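J.:
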Amino acid sequence: MDRPPENYVMDDQAAGLFRVNRRVFYDPECLEQERRRIFEKCWIYVGHESEVPHAGDYRSRNVAGRPMVLVRGDDNVIRVLLNTCTHRGAMVCRQKSGNAKTFQCPYHAWTYNARGQLVGIPGEDAYSDAFSREERGLASPAGVDSYRGFVFACFDPAAQSLYDYLAGAREYLDLVADQSEVGMKVVAGQQAYSARANWKLLVENSYDGYHGLPTHQRYFTFLSDIGIDVRSRDLASAPHQKPVDLGNGHAVVEYQSAWGRPIAHWVPPFGEHRRAHFEELRAKFEKRFGKERAWRICETSRNLGIFPNLVINDIMAITIRTFYPVAPGYMEVNAWALAPLEESAEDSALRLDNFLTFLGPGGFATPDDVEMLESCQRGFLNREVEWSDISRGMKREHPSITDELQMRAFWRRWNQLMTEPQIQRARRAA
Ligand code: FES
Ligand SMILES: [Fe+2]
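Numbering of the sequence shown is given in numbering that gives the first Met the number 0, commencing with residue 0 and proceeding in unit increments.
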């Protein structure tokens, strides 16, 4: 049975109080509703076009809990196919990635081409005239579209276009995509890990400027050991930092980097020898985009959350991260590194070093974050404490990235999608 809508989020803008009921982190019924009202309604990230560069290239993916295949057909069209045989259900693609002209179901050997068309049935004469191969091709989500190389799928035929859905997030995807003159690529390899925590805790954490210093002490100690003192900087009053509500539940925190971008670790003492290279790169950006935009690409970092479960952290390396709840208190996380296609081997090695040593599941940051998220989840066993507080900076005229505006943007949209059907039903009944 549906719950009263007001029980999830308490949003008192006059008083400056914002609270989230902790049931949303552990209640199986809430997860069931999220599957229907969020994951079946929103545009969900599937993969990047560069992951299937040639005809027949494919990647099997778990998207919103379903097996799918991202594949480039012989007509060069990128499709998302639902990985289930239209005969009796088996998954027709069992490899993680590869290149194939056809997918043959291992159960009774029905065969589909890379466009998803059914092209072979053993003993086809056993079927009546009413049976049609055309109707039995592999299915696709109602919507498949891409923006600047990022491919999304949506199961709701009535959903708004991906372009409109992305709203203010497009500007930030542009800042990422513009880092290459010829196109961005997902670097081979993938980080896959899991956490015993609700998926929304990772949404919050991914653009949480408040937790940096206390949670990642180890990293900041390391930085100060090698002569970079980030701890003395007050993030909240640093120039050019701001959290932005991008609409539709998307949000970003943008801030000036202490570590040098877009190729990380050019700063002394990491790589004084790289200064000239960095300046050359920057001059190229200035030529293409003008001083202001070039400055923004080279000097600021972005933690971007695209509702509901895509995070792009354009910090040192560029990480694409997506995650999905397997259970209320358990999520699976996948992450990829994104880089300019034309990047040199030396730059690429540095980028991947960052991708592993700071952001990776065995790096400086992610294990600390996962420990905190799992700690929250364990803390929720104390059911007496019903509400989490997300009010920080709510009454400030200019909230900082150590405030929680970005999380409120997520939660408001989440709450709207979760409660709208109930509100409409209540209205109809009244
Ligand atoms: S289930 Fe695929 S051929 Fe039978
Ligand atoms: Fe963190």
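Here a beta-carbon is modelled for each residue, glycine too, at the ideal position from N, C-alpha and C.
Since this is a predicted model, take the numbers as computed values, not measurements.
Taking only the alpha-carbon atoms, compute the straight-line gap between Q255 and T401 and give it to the nearest angstrom.
T.: Along the sequence shown, read from residue 1 onward, the residue named residue 255 stands at position 256. Along the sequence shown, read from residue 1 onward, the residue named residue 401 stands at position 402. Those two C-alpha atoms are separated by around 14 Å.
J.: In this structure, how does DSSP classify V202 when only helix, strand and coil are distinguished?
T.: Locating residue 202 in the sequence shown gives position 203, counting from the first residue. DSSP places V202 in helix when its eight states are reduced to three.
J.: For R93, does the count of other Cβ atoms within 10 angstroms reach 16, so buried, or fall short, so exposed?
T.: Counting from 1 along the sequence shown, the entry for residue 93 is found at position 94. So R93 ends up on the exposed side.
J.: Report yes if the C-beta distance between G296 and D177 is below 8 Å; otherwise report no.
T.: Here residue 296 corresponds to residue number 297 of the sequence shown, with the count starting at 1. Here residue 177 corresponds to residue number 178 of the sequence shown, with the count starting at 1. A small fix is needed here, since residue 296 is Ile in this sequence, not Gly. Result yes, Cβ atoms of I296 and D177 sit closer than 8 Å.
J.: In whole angstroms, what is the alpha-carbon distance linking M417 and G15?
T.: Residue 417 sits at position 418 when you count from the first residue of the sequence shown. Residue 15 sits at position 16 when you count from the first residue of the sequence shown. Cα to Cα, M417 sits roughly 23 Å from G15.
J.: Please indicate yes or no: does the CB of G88 lie closer than 7 Å to some heavy atom of ligand 1?
T.: Along the sequence shown, one-based indexing puts residue 88 at 89. Yes, the beta carbon of G88 sits closer than 7 Å to at least one heavy atom of ligand 1.
J.: Classify Q190 as helix, strand or coil using the three-state DSSP reduction.
T.: Looking up residue 190 in the sequence shown gives position 191. Note: Q190 maps to strand in three-state DSSP.
J.: Apart from the five residues on each side of it in sequence, which residues of its chain come closer than 6 Å, Cβ to Cβ, to T214?
T.: Position 215 of the sequence shown, counting from 1, holds the residue named residue 214. If we look at T214 and ignore the five residues flanking it on each side, its Cβ neighbours are D367 and M371.
J.: Measuring from the CB of Y7, is there a heavy atom of ligand 1 at a distance below 7 Å?
T.: Counting from one through the sequence shown, the residue named residue 7 turns up at place 8. It does not: the Cβ of Y7 is nowhere closer than 7 Å to a heavy atom of ligand 1.
J.: DSSP three-state label for L355, please.
T.: As a first step, residue 355 is located in the sequence shown; it is residue number 356 there, counting from the start. Correct three-state label for L355: helix.
J.: Rank F38, Q190 and E342 by C-alpha distance to the C-alpha of P261 and give the top, closest one.
T.: Position 262 of the sequence shown, counted from the first residue, corresponds to residue 261. Comparing Cα-Cα distances from P261 to each of F38, Q190 and E342, the minimum goes to E342.
J.: Is it buried or exposed for Q216, if we count other Cβ within 10 angstroms and need 16 for buried?
T.: For the purposes of this step, residue 216 is taken as residue 217 along the sequence shown, with counting starting at 1. It is exposed - the Cβ of Q216 has fewer than 16 other Cβ atoms within 10 Å.
J.: At which residues does the alpha helix (DSSP H) containing G211 begin and terminate?
T.: In the sequence shown, the residue the question calls residue 211 occupies position 212. Run containing G211: G211 to T214, per the alpha helix (DSSP H) assignment.
J.: Assign L380 to one of two classes, buried (16 or more other C-beta atoms within 10 Å of its C-beta) or exposed (fewer than that).
T.: As a first step, residue 380 must be located in the sequence shown, where it is residue number 381. Answer is exposed; the Cβ neighbour count stays below 16.
J.: Compute every distance between the C-beta of T214 and the non-hydrogen atoms of ligand 2, then say whether any falls below 7 Å.
T.: As a position in the sequence shown, residue 214 is number 215, starting the count at 1. Yes.
J.: CA-CA distance, F284 and A293?
T.: Counting from one through the sequence shown, the residue named residue 284 turns up at place 285. Counting from one through the sequence shown, the residue named residue 293 turns up at place 294. In a straight line, the C-alpha of F284 is about 5 Å away from that of A293.
J.: L337: which of G188, S223 and Y218 sits nearest, CA to CA?
T.: As a first step, residue 337 must be located in the sequence shown, where it is residue number 338. Comparing Cα-Cα distances from L337 to each of G188, S223 and Y218, the minimum goes to G188.
J.: Please indicate yes or no: does the CB of Y106 lie closer than 7 Å to some heavy atom of ligand 1?
T.: Along the sequence shown, one-based indexing puts residue 106 at 107. The answer is yes for Y106.
J.: Could you tell me the alpha carbon to alpha carbon distance between R2 and P27, rounded to whole angstroms?
T.: Numbered from 1 along the sequence shown, position 3 holds the residue referred to as residue 2. Numbered from 1 along the sequence shown, position 28 holds the residue referred to as residue 27. Interpretation of R2 is limited by its pLDDT of 49, a score under 50 that renders its predicted location unreliable; the figure taken from the coordinates is listed afterwards. The alpha-carbon atoms of R2 and P27 are separated by roughly 13 Å.
J.: Below 8 Å between beta carbons: does that hold for N414 and P324?
T.: One-based indexing of the sequence shown puts residue 414 at position 415. One-based indexing of the sequence shown puts residue 324 at position 325. No, the Cβ-Cβ distance between N414 and P324 is not below 8 Å.
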